[in-house]
């Protein structure tokens, strides 16, 4: 009789513990699948270039979202070689993303982007003596472009977003013609 009661009690304990674990997994998946907001930081830009790159993303449907990214170059241009990777000091980028995965805003995606940026741009200027000299000019311009990437979300809501993009500045002759983006963002969905 003791063996039967011990076996039943042990079985009840195991079933209860297992069902709690399954429920916690389902809650985590549910939170990840139903969360509509995401905040992230551009880890690559922060570590490699000293640039603060933060983003907010809102999920519209399981296969689409829109995002706003703010980029601020924090390094002094004169003293840091890594800052030469960017001609922009500030940019604000809007993106519309379309995901091809079966999960909510997860997996491979393509995006359209619109960016307003400002900074300093060096360009070659032909001098009267036939030599070229570099001149630095301030600019503000608007660009349109596209990109692609992949987003991978954990059950707890943390994610890694790898993306790249290219666009063209449209209005100023003092700005770079082509703009590029390469992002490694770490964030949280809630």
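Residue numbers (the working numbering): 984 to 1173. For each residue, glycine too, the CB sits at the ideal point set by N, CA and C.
Burial state of residue i (16 or more Cβ within 10 Å)
i, result
"residue 1113", "exposed"
"residue 1107", "exposed"
"residue 1121", "exposed"
"residue 1083", "exposed"
"residue 1163", "exposed"
"residue 1005", "Residue confidence is low: residue 1005 scores 46 on pLDDT, short of 50, so the model does not pin down where it sits. Its coordinate-derived value is still stated next. So residue 1005 ends up on the exposed side."
Boundaries of the alpha helix (DSSP H) in which residue i is found, first to last residue
i, result
"residue 1029", "1026 to 1032"
Element boundaries [beta strand (DSSP E), containing residue i]
i, result
"residue 1050", "1047 to 1056"
"residue 1071", "1071 to 1082"
"residue 1109", "1090 to 1109"
"residue 1131", "1115 to 1136"
Where residue i falls: helix, strand or coil (DSSP)
i, result
"residue 1161", "strand"
"residue 1143", "strand"
"residue 1171", "strand"
"residue 1112", "coil"
"residue 1085", "coil"
"residue 1148", "strand"
C-beta neighbour in chain C for residue i, strict 7 angstroms
i, result
"residue 1100", "Annotation note: the requested chain C is absent from the structure, which comprises a single protein chain."
Contact belief for residue i with residue j at Cβ below 8 angstroms, rounded distance in angstroms
i, j, result
"residue 1071", "residue 1096", "Going by Cβ atoms, the distance from residue 1071 to residue 1096 rounds to 14 angstroms, so no, they are not a contact pair."
"residue 1165", "residue 1133", "With a Cβ gap of about 13 angstroms, residue 1165 and residue 1133 do not count as contacting."
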